[in-house]
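Undergrad: Input: one structure, supplied below.
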């Protein structure tokens with residue numbers, strides 16, 4: 059028996075030696091073949107894999123830092139023309155869908171395949187090695203297939219309607235945003251769309267400018283709340299779930315403190331437009347279709363009226379500068395690049411430029427008078443500050459940081475620098491001088507005195523103008539009323555205690571601007587707390603060959619799948635809720651990627667569990 063065991067042991071050892079010899083011979087042969095084939099050695103190189111992976115890492119970083127899939131105009135505005143062109147040429151504006159990124163993936167796949175073949179041993183114990191390498195290859199191949207053959211787009215389907223196409227967003231050769239229509243092999247029908255909303259909720263938020271801190275306040279009525287780190291206290295006195303502010307124009311005094319006129323514009327004996335024109339605020343009306351402009355100009359004396367009516371230039375344009383706490387204020391006429399010294403202070407102001415529509419790059423004479431503004435340069439003890447001053451947004455400086463916070467600057471009358479083809483100027487003075495000047499193509503055609511309730515024809519037009527009322531001291535009588543008991547436009551009546559005493563006012567939820575305390579350091583905003591939509595559901599049917607083949611009520615993260623297409627619920631009509639926004643996705647690389655993950659799991663199981671078990675078993679057999 060001992061001789062038999064000895065012979066068996068010798069036989070096993072001999073087999074192992076023969077196998078080792080064969081393996082060594084195989085490795086030697088492969089090495090010799092590799093040395094003779096530089097292409098093969100190139101693709102089998104581990105260094106190649108490292109280089110490819112490093113390039114892909116850099117590409118992923120660039121694809122994260124650089125904005126992706128934007129228009130050439132957006133890249134030019136953000137990075138400049140040179141970089142924008144470079145991104146377009148190198149496809150850095152769409153890294154993950156670029157041909158060179160897909161080429162890197164293919165090259166990495168080829169490298170893995172060659173490395174696997176080179177190190178492959180025809181033994182069962184290498185199954186785990188083969189599976190893990192195959193899994194990576196499959197995942198990479200699936201990624202390439204998705205990048206090159208994958209489809210992603212969207213379509214809006216109205217309730218009760220169908221769609222057999224979708225739109226994909228692309229950047230065309232010119233670098234502009236474009237949409238491509240692609241047909242579906244079936245039809246999507248939207249039978250019903252359900253939009254369910256939560257009850258809207260609102261919150262009162264305080265802001266202390268000097269601290270640059272905000273705080274959400276308790277909405278409990280009657281509770282007196284101290285703002286941390288400040289000397290402000292807030293108390294909510296009243297609440298209306300659906301409030302409306304009614305304003306009635308009134309005259310508060312016979313002294314001309316805020317003159318205003320009510321103007322009616324007639325066309326074919328019917329009122330085409332009407333409204334109040336205020337001397338110090340909204341002092342003009344424009345009819346762009348008629349190329350017509352009506353202006354109300356209040357001048358302090360009869361002599362100034364006499365001078366103004368003989369010129370097309372207006373003297374109503376001014377820049378007002380006020381220093382808080384010193385009682386110093388000064389008005390300056392529009393005079394670009396002239397330095398104005400603010401008397402009694404260390405400040406001087408220079409007007410650099412003015413525009414009629416801020417952000418409009420066209421020449422001033424071609425701009426509509428939508429958002430007049432003037433750029434000023436302020437020189438003071440702490441250096442130079444450049445600031446934009448807006449005619450329609452008098453509190454702009456309160457909401458934006460400034461070097462000289464104690465300096466309040468406003469402007470008025472900038473819009474009056476604009477001359478329409480037909481301009482009507484209504485002049486008035488405290489002495490009672492009332493004149494209408496008709497200007498056509500920057501030439502005065504007629505000058506007539508005006509009276510209330512009289513109509514005056516505007517030459518070369520079918521329009522007539524009438525001043526129907528005049529208030530020496532215009533103001534609004536404000537009243538807040540409840541529209542309904544349902545939550546619509548909520549408002550809170552708030553009392554604020556601060557350095558300048560108590561101030562009470564209504565704060566509305568639909569007000570896009572903050573309500574400021576008298577010291578311009580404390581503000582309140584009444585705002586919604588978030589999205590009020592609870593969920594939205596689309597009842598879809600898939601029609602193929604004129605038959606309903608699939609049906610499902612889809613919602614967010616619960617799509618409908620058919621023929622490799624996945625239909626997601628992505629958006630809805632925010633206005634009326636009449637359509638459902640669907641996202642259409644088709645990814646032919648998914649099965650390949652899933653196969654790769656499956657192979658990876660089996661490969662890991664084999665390496666860590668099956669292979670050690672087989673090795674132990676072979677070792678025991680060898681010892682027997």
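Residue numbers (my numbering): 59 to 682.
Using N, Cα and C, we set each Cβ at its ideal position, and we do this for glycine too.
#1: By Cβ distance, which residues of its chain are closer than 8 Å to residue 189, with the 5 residues on each side in sequence left out?
#2: State the beta-bridge partners of residue 309 as determined by DSSP.
#3: Which same chain residues end up closer than 8 Å to residue 37 when comparing Cβ atoms and leaving out the 5 residues on each side of it in sequence?
#4: Check the C-beta distance from residue 46 over to residue 223 and give it rounded, since I have them as a contact under 8 Å.
#5: Would residue 593 be called buried (16 or more neighbouring beta carbons within 10 Å of its own) or exposed?
#6: Is it right to say residue 548 is buried, meaning 16 or more other beta carbons lie within 10 angstroms of its own, or is it exposed?
#7: Quick check on residue 483: buried or exposed, where buried means 16 or more other Cβ atoms within 10 Å of its Cβ?
#8: Apart from the five residues just before and just after residue 82, which ones in its own chain have a Cβ nearer than 6 Å to its Cβ?
#9: Mind listing, in chain order, the continuous beta strand (DSSP E) runs of no fewer than 3 residues lying wholly within the segment 237-325?
#10: Suppose you measure from the CA of residue 119 to the CA of residue 229; what does that come to, to the nearest Å?
#11: State the start and end residues of the unbroken alpha helix (DSSP H) segment that holds residue 670.
#12: From residue 317 to residue 309, what does the alpha carbon distance come to, in whole angstroms?
#13: Please determine, among 496, 444, 475 and 452, the residue with the shortest C-alpha to C-alpha distance to residue 460.
#14: On the criterion of 16 or more Cβ atoms from any shown chain inside 10 Å, does residue 649 qualify as buried, or is it exposed?
#15: Applying the criterion that 16 or more other CB atoms from any shown protein chain within 10 Å of the CB defines a buried residue, is residue 570 buried or exposed?
#16: Less than 8 Å between the CB atoms is what I'm expecting for residue 425 and residue 413, so what's the real figure, rounded?
#17: Quick check on DSSP: helix, strand or coil for residue 338?
#18: Under 8 Å by Cβ, that's how I've got residue 422 and residue 434 pegged, so tell me the actual separation to the nearest angstrom.
#19: Which of helix, strand or coil does DSSP assign to residue 235?
#20: Since residue 405 and residue 465 are thought to touch, with beta carbons under 8 Å apart, how far apart are those beta carbons, to the nearest angstrom?
#21: Could you pull the start and end residues of the beta strand (DSSP E) that residue 477 belongs to?
#22: What's the call for residue 526, buried or exposed, on a 16-neighbour Cβ count within 10 Å?
#23: Please determine if the segment 242-252 and the segment 664-673 are in contact, where contact requires at least 3 C-beta pairs separated by less than 8 Å.
#24: Using only alpha-carbon positions, find the residue among 157, 220 and 432 that is nearest to residue 604.
#25: Which residue comes first and which comes last in the alpha helix (DSSP H) that contains residue 657?
#26: If you compare alpha carbons, which of 157, 140, 407 and 214 is closest to residue 636?
#27: Could you tell me whether the segment 393-411 touches the segment 483-498, where touching means 3 or more Cβ pairs closer than 8 Å?
#28: Near residue 212, what residues of its chain come up, given a Cβ to Cβ distance below 7 Å and the 5 sequence neighbours on each side ignored?
#29: Return helix, strand or coil for residue 441, following the three-state DSSP convention.
#30: Could you work out which residue in 142, 388, 191 and 272 is closest to residue 653 when comparing CA atoms only?
#31: I'd like the list of long-range same chain contacts for residue 304, defined as Cβ closer than 8 Å, with 5 residues on each side in sequence excluded.
#32: Counting C-beta neighbours from all protein chains within 10 Å, is the total for residue 87 16 or more, i.e. buried, or is it exposed?
#33: Have a look at residue 128 and residue 237 and give me their C-alpha separation to the nearest angstrom.
#34: Following a CB-centred definition, is residue 572 positioned closer than 7 Å to any heavy atom of the ligand SAH?
#35: Please state whether DSSP places residue 508 in a helix, a strand or coil.
#36: Let me know the secondary structure DSSP gives residue 608 once reduced to three states.
TA: Let me spell this out:
#1: By one-based count along the chain shown, residue 189 stands at place 131. Scanning its chain for C-beta atoms nearer than 8 Å, with the 5 sequence neighbours on each side dropped, one finds around residue 189 the residues 657, 658, 660, 661 and 664, in chain order.
#2: Here residue 309 corresponds to residue number 251 of the chain shown, with the count starting at 1. According to DSSP, residue 309 bridges with 532.
#3: The chain is shown from 59 up to 682; residue 37 falls before or after that span and cannot be answered.
#4: The chain is shown only over 59 to 682; residue 46 falls outside these bounds and no answer can be derived.
#5: Locating residue 593 in the chain shown gives position 535, where the first residue counts as 1. Residue 593 is exposed by the Cβ-count criterion.
#6: For the purposes of this step, residue 548 is identified with residue 490 of the chain shown, where counting begins at 1. Residue 548 comes out buried.
#7: Position 425 of the chain shown, counted from the first residue, corresponds to residue 483. With a 10 Å radius around the Cβ and a threshold of 16 neighbouring Cβ atoms, residue 483 comes out buried.
#8: By one-based count along the chain shown, residue 82 stands at place 24. Confidence at residue 82 is low in this model, with a pLDDT of 49, below 50, so the placement of that residue is unreliable and no value is reported for it.
#9: DSSP runs (the beta strand (DSSP E)) wholly in the segment 237-325: 260-266, 271-274, 282-284, 291-298, 301-309 and 318-325.
#10: Walking along the chain shown from the start, residue 119 turns up at place 61. Walking along the chain shown from the start, residue 229 turns up at place 171. Distance from the CA of residue 119 to the CA of residue 229, rounded to the nearest whole angstrom, comes to 21 Å.
#11: Reading the chain shown from its first residue, position 612 is the one you call residue 670. Note, residue 670: alpha helix (DSSP H), 669-681.
#12: Within the chain shown, residue 317 is the residue found at index 259, counting from 1. Within the chain shown, residue 309 is the residue found at index 251, counting from 1. Their backbone Cα atoms lie some 9 Å apart in a straight line.
#13: As a working note, residue 460 is residue 402 in the chain shown. Selected option, being the one with the closest Cα: 444.
#14: As a first step, residue 649 is located in the chain shown; it is residue number 591 there, counting from the start. Under this definition residue 649 is an exposed residue.
#15: Here residue 570 refers to the residue found at position 512 of the chain shown. Taking all protein chains in view, the Cβ of residue 570 is surrounded by fewer than 16 other Cβ atoms within 10 Å, so the residue is classified as exposed.
#16: To locate residue 425, count along the chain shown from 1; it is residue 367. To locate residue 413, count along the chain shown from 1; it is residue 355. Rounded, the Cβ-Cβ distance is 6 Å, consistent with contact.
#17: Along the chain shown, read from residue 1 onward, the residue named residue 338 stands at position 280. Reduced to three states, the DSSP call for residue 338 is coil.
#18: Within the chain shown, the letter at position 364 stands for residue 422. Within the chain shown, the letter at position 376 stands for residue 434. Residue 422 to residue 434, Cβ: 16 Å. No contact.
#19: On the chain shown, residue 235 is found 177 positions in, with the first residue counted as 1. DSSP, read as helix, strand or coil, puts residue 235 in strand.
#20: For this step, residue 405 is matched to residue 347 along the chain shown. For this step, residue 465 is matched to residue 407 along the chain shown. The distance from the Cβ of residue 405 to that of residue 465 is about 7 Å, consistent with a contact at the 8 Å cut-off.
#21: As a working note, residue 477 is residue 419 in the chain shown. Annotation for residue 477: no beta strand (DSSP E) segment contains it, and DSSP assigns it neither H nor E.
#22: Taking the first residue of the chain shown as 1, we reach residue 526 at position 468. Its Cβ having fewer than 16 others within 10 Å, residue 526 is exposed.
#23: The segment 242-252 makes no contact with the segment 664-673; the number of CB pairs closer than 8 Å stays below 3.
#24: The count along the chain shown starts at 1 and reaches residue 604 at position 546. Closest option to residue 604, judged by alpha-carbon separation, among 157, 220 and 432: 220.
#25: Mapped onto the chain shown, residue 657 falls at position 599. For residue 657, the enclosing alpha helix (DSSP H) stretches over residues 648-663.
#26: Here residue 636 corresponds to residue number 578 of the chain shown, with the count starting at 1. Cα-wise, what sits closest to residue 636 is 214.
#27: In the pairwise beta carbon analysis, the segment 393-411 is classified as not touching the segment 483-498: fewer than three pairs are separated by under 8 Å.
#28: Within the chain shown, residue 212 is the residue found at index 154, counting from 1. Answer for residue 212: 224, 225, 628, 639, 640, 641 and 642, listed in chain order.
#29: In the chain shown, counting from the first residue as 1, residue 441 sits at position 383. Note: residue 441 maps to strand in three-state DSSP.
#30: Your numbering for residue 653 matches position 595 in the chain shown. Of the candidates 142, 388, 191 and 272, the one whose C-alpha sits nearest the C-alpha of residue 653 is 191.
#31: Here residue 304 corresponds to residue number 246 of the chain shown, with the count starting at 1. So the qualifying residues of the chain are 536, 537, 538 and 539.
#32: Against the chain shown, residue 87 aligns to sequence position 29. Since pLDDT at residue 87 reaches only 47, below the 50 mark, its modelled position is unreliable, and no value is offered.
#33: Taking the first residue of the chain shown as position 1, residue 128 is located at position 70. Taking the first residue of the chain shown as position 1, residue 237 is located at position 179. Taking the straight line joining both Cα atoms gives about 13 Å.
#34: Of ligands this structure carries none, so the ligand SAH is not represented either.
#35: What you label residue 508 is simply residue 450 of the chain shown in a count that begins at 1. Coil, per DSSP.
#36: Counting from one through the chain shown, the residue named residue 608 turns up at place 550. Strand at residue 608.
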